[in-house]
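For the sequence shown, UniProt numbering begins at 1 and goes up steadily by one.
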Amino acid sequence: MTASLPLAARVDLRRQPIEEVLERVEQALHVRLNRHALIRKRRSLGAPTERGTWVRIERRGFERIGLQGWNGTEAAAVLQKIAMPEWYRGMAWREPGEPVMWRADELELIASPSVGTGARVVTDPGLPEAWWTELNASLDALAEQQTPRIATPDTVTITQELVTGTLGAVFPGVADTRIERWAPAHADLTWANVMGPKFSIVDWEDWGMAPRGLDAATLWGNALAVPELADRVHRERRADLESRDGKLMSLFFLSKIVGPHACAEDPLREPARKAAEHLVAELDARGGPGSSG
């Protein structure tokens, strides 16, 4: 199975030698990275610098880079009224002899840590009221922006065809999957990409136009193991999540948990299954596309 994947997908930066990459970035950006605080993920690296900034490094194969490029973090610097790190500078280069690009961005260092150590949370993080206020203000402001970019959740360009194919494979009972409203979205709004207790959204490399409710559905779905937290997300983003597009995006997220590759030990599986049944029934009861909220 692994051998059939593109080379870029087979490389895991948590296990690969990375010193040459770190040295290249330091020389190009004229910074010194704190190796002791380095965070290694499958396709990205991150570390604070000696001048109090943060550097994010990502490796991405050509097959995951669309026509718009992949300078999302830099492009997000123009967004207004959103709690997010300030972008300072960046660089990119091609891996010699391979269909792979590297990118490094230097950004403002956010004092608060990620709310979640991973995409999901399994305990209530106890977020203050100000956090929810900033979440709403930022997501509302984001939806009012304009961009030619198309969002790439999980590094895949989101299209009507993708939504229809995904939902049709997992929830064939949903007859009408047409998206009515598209708006700018972060496209990876997991608990690892929101900071707290002071609110901020990080990792903007995949932002762009997406179906309404994608971000709210992603945050809500990743909180399903903590019912009170999932309910709070739903209350705060009710307008998005109760719209027809929002329900479709909720199912789009849930398809990853209850679909053919579902994991029996996943703590989200059972609440996701129940939520999916409820959403499918609601969409079926509402009928055609003219009932968007």
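Yeah, the Cβ is synthetic: ideal placement off N, Cα and C, and Gly gets one too.
Since residue i sits in a beta bridge, which residues does DSSP pair it with?
| i | result |
| --- | --- |
| residue 44 | 58 |
| residue 184 | 209 |
| residue 194 | 201 |
| residue 94 | 101 |
| residue 89 | 106 |
| residue 49 | 33 |
| residue 114 | 195 |
| residue 18 | Paired residues: none, contrary to the question. |
| residue 39 | 46 |
| residue 150 | 209 |
Suppose you measure from the CA of residue i to the CA of residue j; what does that come to, to the nearest Å?
| i | j | result |
| --- | --- | --- |
| residue 159 | residue 179 | 9 Å |
| residue 20 | residue 60 | 17 Å |
| residue 139 | residue 173 | 31 Å |
| residue 68 | residue 187 | 15 Å |
| residue 43 | residue 205 | 12 Å |
| residue 282 | residue 66 | 35 Å |
| residue 48 | residue 183 | 32 Å |
| residue 3 | residue 10 | Because the pLDDT at residue 3 is just 42, under 50, the model does not fix this residue reliably, and the value given afterwards should be weighed accordingly. If you take the alpha carbons of residue 3 and residue 10, they lie about 8 Å apart. |
| residue 191 | residue 105 | 21 Å |
| residue 198 | residue 53 | 17 Å |
| residue 18 | residue 70 | 21 Å |
| residue 26 | residue 33 | 7 Å |
| residue 93 | residue 144 | 33 Å |
| residue 72 | residue 207 | 6 Å |
| residue 79 | residue 15 | 35 Å |
| residue 181 | residue 209 | 10 Å |
| residue 116 | residue 36 | 20 Å |
If you follow the beta strand (DSSP E) that residue i is in, where does it begin and where does it stop?
| i | result |
| --- | --- |
| residue 105 | 100-108 |
Is residue i buried or exposed, if buried means 16 or more other CB atoms sit within 10 Å of its CB?
| i | result |
| --- | --- |
| residue 171 | buried |
| residue 291 | Here residue 291 scores only 42 on pLDDT, less than 50, and its place in the model should not be relied on; the value that follows carries that caveat. By the neighbour-count rule (16 or more Cβ atoms within 10 Å), residue 291 is not buried but exposed. |
| residue 148 | exposed |
| residue 39 | exposed |
| residue 253 | buried |
| residue 247 | buried |
| residue 234 | buried |
| residue 279 | buried |
| residue 243 | buried |
| residue 289 | Low confidence applies here, because residue 289 scores a pLDDT of 44, under 50, leaving its location unreliable; read the following figure in that light. The residue is exposed, with fewer than 16 neighbouring Cβ atoms inside 10 Å. |
| residue 96 | exposed |
| residue 151 | buried |
| residue 193 | buried |
| residue 114 | buried |
| residue 1 | Because the pLDDT of residue 1 is 37, which lies under 50, any placement of that residue in the model is unreliable, and the number read from its coordinates should be weighed accordingly. Per the 10 Å Cβ criterion, exposed. |
| residue 211 | buried |
For the putative contact between residue i and residue j, defined by C-beta atoms under 8 Å, what is the C-beta separation to the nearest angstrom?
| i | j | result |
| --- | --- | --- |
| residue 57 | residue 202 | That pair is no contact at about 14 Å. |
| residue 125 | residue 196 | 6 Å |
| residue 85 | residue 108 | 4 Å |
| residue 240 | residue 216 | 4 Å |
| residue 258 | residue 122 | The Cβ separation is near 18 Å, so there is no contact. |
| residue 112 | residue 166 | Not really, about 33 Å apart at Cβ, beyond 8 Å. |
| residue 299 | residue 275 | Here the chain comprises residues numbered 1 to 293, so residue 299 is not present and cannot be evaluated. |
| residue 271 | residue 224 | 4 Å |
| residue 134 | residue 83 | 5 Å |
| residue 29 | residue 103 | Not really, about 12 Å apart at Cβ, beyond 8 Å. |
| residue 219 | residue 189 | 5 Å |
| residue 228 | residue 132 | About 13 Å; that fails the 8 Å criterion. |
Over the uninterrupted alpha helix (DSSP H) stretch that includes residue i, give me the two end residues.
| i | result |
| --- | --- |
| residue 220 | 214-221 |
| residue 132 | 129-143 |
| residue 250 | 244-258 |
| residue 166 | 160-170 |
| residue 11 | Here residue 11 belongs to no alpha helix (DSSP H), and DSSP marks it neither H nor E. |
| residue 240 | 238-241 |
| residue 75 | 72-75 |
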